[in-house]
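Colleague: Just so we're aligned, residue 231 is where the sequence shown starts under our numbering, counting upward by one. Sharing a structure here in structure tokens format.
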Amino acid sequence: MFYLEKDDGTQEKRRLKQAVFIPFLLAVCMFLSFILEKGMGWDFHKAGIYPRHLEGAWGVLTCAFVHADWEHLFNNLLSFFILASVLFYFYSPLAGRILLLSYLFSGIVLWCIGRDNWHIGASGVIYALAFFLFTSGVLRKYAPLVAISLFVVFLYGNMVWHVFPWQEHDPTSWEGHLGGLLTGVVLAIIYRHQGPQKPVKVWEEEEEEETGNCGSEEAGNRRND
231 MFYLEKDDGT QEKRRLKQAV FIPFLLAVCM FLSFILEKGM GWDFHKAGIY PRHLEGAWGV
291 LTCAFVHADW EHLFNNLLSF FILASVLFYF YSPLAGRILL LSYLFSGIVL WCIGRDNWHI
351 GASGVIYALA FFLFTSGVLR KYAPLVAISL FVVFLYGNMV WHVFPWQEHD PTSWEGHLGG
411 LLTGVVLAII YRHQGPQKPV KVWEEEEEEE TGNCGSEEAG NRRND
């Protein structure tokens with residue numbers, strides 16, 4: 231005697247909650263940091279990255295929590311929350327590691343190649359996540375992950391145009407965007423064999439083996455005859 235456990239969607243709900251927990255927590259920290267800065271009349275711009283200067287190197291750890299204005303904040307919060315949640319949902323075994331490495335190395339690349347000015351905001355890690363998700367789906371050739379790649383292209387396809395300087399004194403940190411792009415692509419290549427993979431159709435291999443065995447048996451029978 232056996233019974234089937236009723237699937238009421240509990241596991242899926244738990245998986246979704248786990249996927250949004252860390253992105254939501256980090257997004258709240260970004261929001262509270264901005265509120266604290268503006269509410270107290272402080273200026274956190276020196277918590278950003280100042281390329282190739284030691285005093286600006288600490289910004290690799292803090293720049294994502296500093297934003298220029300409300301528009302800058304909400305654009306980054308929304309994009310970060312969506313992309314990070316997708317990462318944790320579909321790449322849960324790797325998500326924490328990818329997020330941490332995206333955060334660190336997008337900032338390090340910016341510190342190496344950026345203009346001599348203070349760079350703030352979470353756009354570097356956002357670009358890293360977007361290009362990791364896109365490149366991973368293409369490399370793994372697994373339908374659900376390819377769908378995520380198309381989803382990223384649909385929502386954020388225009389991001390690629392912001393990794394180049396379009397103005398002589400471009401106020402946008404295109405270097406941070408470029409650093410994120412490079413980080414995301416490299417991480418996708420390095421970790422392409424880890425995490426979710428395209429299922430192998432084992433039944434096809436077994437069928438070929440059975441066919442081969444049957445052929446051998448028939449040949450043996452003919453020889454015996």
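Where is the CB? At the ideal position from N, CA and C, for every residue including glycine.
1) According to DSSP, which residues form a beta bridge with His349?
2) Can you name, in chain order, every residue of its own chain whose Cβ lies under 6 Å from the Cβ of Phe274, other than the five neighbours on each side?
3) Decide yes or no for the touch test of the segment 276 to 284 against the segment 325 to 336: beta carbon pairs closer than 8 Å, at least 3 of them.
4) Can you check the segment 282 to 366 for any alpha helix (DSSP H) of at least 4 residues that lies completely inside it and give the ranges in chain order?
5) Expressed to the nearest angstrom, what Euclidean distance is found between the alpha-carbon atoms of Val390 and Val430?
6) Can you give the Cα-Cα distance for Ser315 and Leu408, rounded to whole angstroms?
7) Kindly list the residues whose CB is nearer than 7 Å to the CB of Val415, restricted to its own chain and excluding five residues on each side of it in sequence; keep chain order.
8) Along the chain, where does the alpha helix (DSSP H) containing Lys268 start, and where does it finish?
9) Once DSSP output is grouped into helix, strand and coil, what is the label at Val390?
10) Have a look at Arg244, Lys276, Asp346 and flag the residue whose alpha-carbon is nearest the alpha-carbon of Trp288.
11) Considering only the alpha carbon of each residue, which of Leu417, Val393, Asp400, Ala418 lies closest to Gly406?
Modeller: Answer, in terms of the structure:
1) In DSSP, His349 forms a bridge with Ile279.
2) Exclusion of the five residues before and after Phe274 leaves Glu267, Val296 as the residues of its chain whose Cβ lies within less than 6 Å of its Cβ.
3) Per the Cβ contact rule, the segment 276 to 284 is not in contact with the segment 325 to 336 (fewer than 3 Cβ pairs under 8 Å).
4) Secondary structure within the segment 282 to 366: the alpha helix (DSSP H) runs of 4 or more consecutive residues, fully enclosed, are 289 to 292, 300 to 320, 325 to 343 (chain order).
5) CA-CA distance, Val390 to Val430, rounds to 33 Å.
6) When rounded, the distance between both Cα atoms is 22 Å.
7) Contacts found: Phe361, Thr365.
8) That run of the alpha helix (DSSP H) goes 240 to 270.
9) The three-state secondary structure of Val390, taken from DSSP, is helix.
10) It is Lys276.
11) When only C-alpha atoms are compared, the closest one is Val393.
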